[in-house]
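**Q** Pasting a structure here, questions to come.
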Amino acid sequence: MDAGVTDQIVGLAHEFQLSPLLMGWLFAALMRIATGSATVAMTTASGVVAPVAIGLGYPHPELLVLATGAGSVIFSHVNDGGFWLIKEYFNMTVTQTFKTWTVLETLISVVAFALTVGLAQLL
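Our numbering puts the first residue of the sequence shown at 1254, with every later residue one more than the last.
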């Protein structure tokens, strides 16, 4: 059964001139923030963005993998198992973990996305 969601998203991407790379990163980032799981964020974003990229004729699927991967590691918080592993392993408080691990993960995400966009400009 096809609900037509992909067609709607392709239409929005055309209307707003949204890059598939930005869409992949943004969708993965939103899923990560909502669920806390990088795995869920990346697999969900891939399932949504892949048909859109095909519909738009995007020529570099490997860059979409990098962009969705980058988006999936943003803003680690209390719903993320890794957050608690870091907190306990380094004997930090929740506040300290937010100030270190969450900020680091967010920086990694943004820098990885910027490098992916830079690589896309070279190709």
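Where a beta carbon is used, it is the ideal one built from N, C-alpha and C, also for glycine.
Which residue comes first and which comes last in the alpha helix (DSSP H) that contains M1295?
**A** For this step, residue 1295 is matched to residue 42 along the sequence shown. 1291-1309 is the span of the alpha helix (DSSP H), which, as asked, contains M1295.
**Q** Which residue comes first and which comes last in the alpha helix (DSSP H) that contains V1347?
**A** The residue given as residue 1347 occupies position 94 in the sequence shown. 1347-1350 is the span of the alpha helix (DSSP H), which, as asked, contains V1347.
**Q** Looking at the secondary structure, which residues open and close the alpha helix (DSSP H) in which V1356 lies?
**A** As a working note, residue 1356 is residue 103 in the sequence shown. Residues 1356-1375.
**Q** Please tell me whether T1348 and I1339 are closer than 9 Å, where the distance is taken between their beta carbons.
**A** Along the sequence shown, read from residue 1 onward, the residue named residue 1348 stands at position 95. Along the sequence shown, read from residue 1 onward, the residue named residue 1339 stands at position 86. Contact flag unset, no.
**Q** Can you check which of these residues, V1305, V1318, V1363, M1345, is closest to S1258 by C-alpha distance?
**A** Here residue 1258 refers to the residue found at position 5 when the sequence shown is read from its first residue. Ser is not the amino acid found at residue 1258; the sequence shown has Val there. Selected option, being the one with the closest Cα: V1305.
**Q** Can you list, in chain order, the residues of its chain whose CB lies under 7 Å from that of M1295, leaving out five sequence neighbours each side?
**A** The residue labelled residue 1295 in the question sits at position 42 within the sequence shown. Contacts found: A1281, T1321, G1322, S1325.
**Q** For I1307, which residues of its own chain have a beta-carbon under 6 Å away from its beta-carbon, when the five flanking residues on both sides are left out?
**A** Position 54 of the sequence shown, counted from the first residue, corresponds to residue 1307. Closer than 6 Å at Cβ, skipping near neighbours: no residue.
**Q** Following the continuous alpha helix (DSSP H) through I1327, name the residue where it begins and the one where it ends.
**A** Your numbering for residue 1327 matches position 74 in the sequence shown. Per DSSP, I1327 belongs to no alpha helix (DSSP H) and is neither H nor E.
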